[in-house]
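S.K.: Residue numbers (the working numbering): 52 to 265. Virtual Cβ for every residue (Gly too), placed ideally from N, Cα, C.
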């Protein structure tokens, strides 16, 4: 087990950091091919960081839009690596929430869309379908990361952009997101998405440095 964990090295943290970065770079929408299609993904209400030498989380940010706080970027700029992300995922009219963590990409605390089928057996099959769809989505995100990560241009394109993402100060009078720019979502997910994107654009942290541990 330890040998398998060692083989993964820094890739789990790289994937989680890339996922956070790409969700902001691409406006939250990921095209995951014919098998999955388009999904909206954003960091929800929890980010856990660890030092590069330890596996246990040392910094945990929770609450509404932790990814848009100065503390989150400061953790990256200070050499912390991402150990866990709580993700919100939207596929068509279905909304999921799940935590991805650790060296083996463990999925924890999954929240599935509300069931619409009647009858115990039908509800069971629907729940199985929804859980399988969530697995396909996470698998699609991993494949997208693997393609980008193994591209020879990774260091000159994505990695460089990730370093700028951490280091770039806010633009003067940063723009806010209008409701027309945000995907149509419901209830708390809609509020988190709209306010989160507006906060990230209007008040990005003033930090210098670079992504470390990648």
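Counting C-beta neighbours from all protein chains within 10 Å, is the total for residue 68 16 or more, i.e. buried, or is it exposed?
M.R.: Buried.
S.K.: So residue 93 packs on residue 139, CB below 8 Å; how close in whole Å?
M.R.: 5 Å between Cβ atoms; contact.
S.K.: Could you have a look at residue 70 and say whether DSSP puts it in helix, strand or coil?
M.R.: In this structure, residue 70 counts as helix in the three-state DSSP scheme.
S.K.: Kindly list the residues whose CB is nearer than 6 Å to the CB of residue 159, restricted to its own chain and excluding five residues on each side of it in sequence; keep chain order.
M.R.: So the list reads 150, once near-sequence residues are dropped.
S.K.: Whose C-alpha, out of 198, 145, 157, is nearest the C-alpha of residue 166?
M.R.: Per the Cα distances, 145.
S.K.: Do three or more CB pairs link the segment 108-120 to the segment 81-90 at distances below 8 Å?
M.R.: Output reads no: the segment 81-90 does not touch the segment 108-120.
S.K.: So, using beta-carbon positions, are residue 71 and residue 133 closer together than 8 Å?
M.R.: Against a cut-off of 8 Å, the Cβ pair of residue 133 and residue 71 comes out as a contact.
S.K.: Alpha carbon to alpha carbon, how far is residue 217 from residue 128? Give it in angstroms, no decimals.
M.R.: One C-alpha to the other measures close to 7 Å.
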